[in-house]
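>
There are 2 protein chains.
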Amino acid sequence: MSIRIVVVDDQALVRGGFAMVLGHQSDIEVVAEAGDGLEAIEMAQTHRPDVILMDIRMPAMDGLEATSHIIANADWPVRVLILSTFDPDEYVYKALRAGASGFVLKDIPPEQLVSAVRTVAEGGALLAPSITLRLIERFADQLALDTKVSSRLERLTHREREVLAEIAHGHNNNEISEKLFIGTATVKTHVSSILTKLGLRDRAQAVVFAYESGLAEPGDYDIGH
Amino acid sequence: MSIRIVVVDDQALVRGGFAMVLGHQSDIEVVAEAGDGLEAIEMAQTHRPDVILMDIRMPAMDGLEATSHIIANADWPVRVLILSTFDPDEYVYKALRAGASGFVLKDIPPEQLVSAVRTVAEGGALLAPSITLRLIERFADQLALDTKVSSRLERLTHREREVLAEIAHGHNNNEISEKLFIGTATVKTHVSSILTKLGLRDRAQAVVFAYESGLAEPGDYDIGH
DNA sequence: TCAGGCCTCCCTCTAGAGGTGGAGGCGCCA
DNA sequence: TGGCGCCTCCACCTCTAGAGGGAGGCCTGA
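So the protein lines, in turn, are chains A and B.
Position one of the first sequence corresponds to residue -13 (this note's numbering), numbered consecutively onward.
Position one of the second sequence corresponds to residue -13 (this note's numbering), numbered consecutively onward.
Rendered as structure tokens:
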């Protein structure tokens, strides 16, 4: 069973080149080509390919928008590999958010393109080396920071860390007392102790500290409505 | 000028295999081999290679520790490519934090190992497809969240967003007034407006919102001392 | 056995936070 | 020109948060 592909690029020559390279592989079959985003969506619906090779810059509808649309509306497992001439941050992040499984530059050698397609078809993900580097750096920075500041968390007792976690959720003393089944006076004692130990002024700074130290992480819950 | 490499693995057979594959390339030269972390540090110091191919599981000192040590103390540009049999999350994150430029599984075909080494030597980064996928997912989740909540940020005026950013730094009304060159009364007006518009109760919740919405991000500065 | 740390709770006091309502100046746009 | 939104500032009021100091029960390790 071969990998079924749709190639999308507004330049027919480029499109044809990719299609030819891929079509020559015994396990890959190019089932359609498209010249812009709208056509891409149409071809995707019609042929239900395993992988879509998508250019970013295109007339009518660009590759990112088309990717979002296809991923959001597809009722079969489809994976998108983004092709770009440059690698500006903005595009990459938008592409990943759109649900792309990969982001490679057009200057890669044919055999790497082929293996990229196979990787993506198998459920993996693939980024251009320079992009991977940035992603790693972003990630590593965050981790390094976590460990640096979190050492100060060790000064706190177990109970204090619990209270700090509640503060980091935006709860007031009363809510914390109810949640931890203790009196508000006790909560105040803990809070004071936390602020003193960490050299903070008020609970707002405590929230900042919790996020900076990694005790709290974006994505846990919702505030307000 | 060829790429100078040190191969580190406790299994002589595996080490020899990698060394042979790489050594056959005209642009790659294996200058040393090491059987454990301590030896790796020694060889790195002695031969000052461009790239170190590092196994994780090793006696005496494991690859992660050795990587940390080498990266931290090297006075020349050295890059480490981690080799692992499995891909547990824990290892990957530790490796990235240690400063590794890549993380590949041992089952990759020889030609991909060679190109991985070249990529890393050129300053790029490379991860195994399955790991890249996880990294992307982690990242995409975060972004999706950002945009979801940040739509509420649009209700705020420009000035209010500035004030919110200051709140997210843990500053009190007085500090904000000094920083933005306005009166404290004005700051209070803005703060009230922010809390009302976002459905929040106090500035601690505002800090939470700032981090959850992506207006503030871990890593900006330090609180306390 | 006793000291010390942790958790619990109480009191008082003050400064800051936040709500409410009002006001003037500015720029934009119908 | 008149309205409208934004930014600026003021006064008054309420209330929570946080500081400071004290105290009892519990467990652990010297």
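Just so it is clear, CB atoms sit at the ideal spot from N, CA and C, and this is done for glycine as well.
Fair warning: this is a prediction, and the values are worked out from it, not measured in the lab.
(1) Grab the span of the beta strand (DSSP E) containing V64(B) for me, first residue to last.
(2) Taking a contact to mean a Cβ-Cβ separation below 9 Å, would you say V100(A) touches L39(A) in this structure?
(3) Considering only the beta carbon of each residue, do L69(A) and D(-5)(A) sit closer than 9 Å?
(4) For L67(A), return the contacting residues in chain B, with the cut-off set at a CB-CB distance below 8 Å.
(5) Relative to chain B, which residues along the segment 170 to 200 of chain A have a C-beta separation below 8 Å, given in chain order?
(6) Mind checking A46(A): buried by the 16 CB within 10 Å criterion, or exposed?
(7) Report buried or exposed for H10(B), applying the criterion of at least 16 other Cβ atoms within 10 angstroms of its Cβ.
(8) Does DSSP put S199(B) in a helix, in a strand, or in coil?
(9) Taking 8 Å as the cut-off, does the segment 169 to 182 of chain A touch the segment 154 to 173 of chain B (at least 3 CB pairs, one atom from each stretch)?
(10) Under 8 Å Cβ to Cβ from A(-2)(A), same chain only, skipping five residues before and after it: list those, please.
(11) To the nearest angstrom, report how far apart L201(A) and L181(A) are at their CA atoms.
(12) Going by DSSP in three states, M44(A) sits in which element: helix, strand or coil?
(13) Put E15(A) into one of helix, strand or coil per three-state DSSP.
(14) To the nearest angstrom, report how far apart K80(B) and S179(B) are at their CA atoms.
(15) Measuring only the C-alpha atoms, how far is I27(A) from E108(A)?
(16) Measure the C-alpha to C-alpha separation of A52(B) and G23(B) and round it to an integer number of angstroms.
(17) So, for H176(A): in the same chain, excluding its five sequence neighbours on each side, which residues have a beta-carbon less than 8 Å away from its beta-carbon?
(18) Quick check on F89(B): does DSSP put it in helix, strand or coil?
(19) With a 10 Å radius around its C-beta and 16 neighbouring C-beta atoms as the bar for buried, classify T143(A) as buried or exposed.
(20) For D188(A), which of P35(A), A84(A) and A154(A) has the nearest alpha-carbon?
(21) Select from the segment 22 to 41 of chain A all residues with a C-beta closer than 8 Å to any C-beta belonging to chain B, and list them in chain order.
(22) Pull up the distance between the alpha-carbon of R65(A) and that of E19(B), whole angstroms please.
(23) For I122(B), which residues in chain A fall below 7 Å Cβ to Cβ?
(24) Report the option in N158(B), E198(B), S199(B) and I162(B) whose CA atom is closest to the CA atom of L186(A).
(25) Quick one: is Q98(B) near chain A, going by C-beta distance under 9 Å?
(26) State the start and end residues of the unbroken alpha helix (DSSP H) segment that holds R(-10)(B).
(27) Can you tell which of A196(A), M44(A), H55(A) and S(-12)(A) has its C-alpha closest to the C-alpha of D36(A)?
(28) Based on Cα-Cα distance, which residue from V78(A), Y197(A) and F4(A) lies nearest to D93(A)?
(29) Suppose you measure from the CA of G2(B) to the CA of P96(B); what does that come to, to the nearest Å?
(30) Using DSSP bridges, identify the partner residues of A20(B).
(31) Under a three-way DSSP split, which group does I231(B) fall into?
(32) With 9 Å as the threshold, decide whether the Cβ of T118(B) is near any Cβ in chain A.
(33) Which residues in the same chain as L82(B) place their Cβ atom closer than 8 Å to its Cβ, once the five residues preceding and following it in sequence are excluded?
(34) Compute the distance between the beta-carbons of A190(A) and A151(B), then report whether it is under 9 Å.
(35) To be precise: take each residue of the segment 147 to 168 of chain A, compare its Cβ to all Cβ atoms of chain B, and keep it if any distance is under 8 Å. Which residues remain?
(36) Helix, strand or coil, according to DSSP, for L113(A) in the structure here?
The answer reads as follows:
(1) In the DSSP assignment, V64(B) falls outside any beta strand (DSSP E) and carries neither an H nor an E.
(2) No.
(3) With contacts defined as CB atoms closer than 9 Å, L69(A) and D(-5)(A) qualify as a contacting pair.
(4) In chain order: nothing, as chain B lies at least about 12 Å away.
(5) The residues in question are L184, G185, L186, R187, D188, R189, A190, Q191, A192, V193, V194, F195, Y197, E198 and G200.
(6) Under this definition A46(A) is an exposed residue.
(7) Residue burial annotation: H10(B) is exposed, with fewer than 16 other C-beta atoms found within 10 angstroms of its C-beta.
(8) Three-state result, S199(B): helix.
(9) Fewer than three pairs of CB atoms, one per stretch, sit closer than 8 Å, so the segment 154 to 173 of chain B makes no contact with the segment 169 to 182 of chain A.
(10) G21, listed in sequence order.
(11) Here the alpha carbons of L181(A) and L201(A) stand approximately 15 Å from one another.
(12) In the structure shown, M44(A) sits in coil (DSSP, three-state: anything other than H, G, I, E or B).
(13) Strand.
(14) Taken atom to atom, the span from the alpha-carbon of K80(B) to that of S179(B) is near 43 Å.
(15) I27(A) and E108(A) have their alpha carbons spaced roughly 22 Å apart.
(16) A52(B) and G23(B): Cα-Cα distance of roughly 5 Å.
(17) For H176(A), where only same-chain residues beyond five positions count, the Cβ hits under 8 Å are R145, E146 and V149.
(18) The three-state reading of DSSP puts F89(B) in strand, counting E and B together.
(19) Burial call: exposed.
(20) The shortest C-alpha separation from D188(A) is found at A154(A).
(21) With the criterion set as a beta carbon lying under 8 Å from some beta carbon of chain B, the segment 22 to 41 of chain A has no members that meet it.
(22) C-alpha separation (whole angstroms): 40 Å.
(23) Contact note: I122(B) reaches chain A through L82 and A111, using a C-beta cutoff of 7 Å and chain order.
(24) Put simply, of N158(B), E198(B), S199(B) and I162(B) the residue whose alpha carbon is nearest the alpha carbon of L186(A) is N158(B).
(25) Output row for Q98(B): interface = yes.
(26) Where R(-10)(B) is concerned, there is no enclosing alpha helix (DSSP H), although the beta strand (DSSP E) it sits in stretches over I(-11) to V(-6).
(27) Considering only alpha carbons, the answer is S(-12)(A).
(28) Closest by alpha carbon: F4(A).
(29) CA-CA distance, G2(B) to P96(B), rounds to 13 Å.
(30) As computed with DSSP, A20(B) is found in a beta bridge with V(-6)(B).
(31) In the structure displayed, chain B extends from -13 to 211; residue 231(B) sits before or after that span and is not available.
(32) Between T118(B) and chain A, the shortest Cβ-Cβ separation is below 9 Å.
(33) Only F89 meet the Cβ criterion.
(34) A151(B) sits away from A190(A), with the two beta carbons spaced by 9 Å or more.
(35) Those residues of the segment 147 to 168 of chain A that come within reach of chain B (Cβ to Cβ, closer than 8 Å) are I153, A154, H155, G156 and N158.
(36) The answer is strand: DSSP assigns L113(A) an E or B state.
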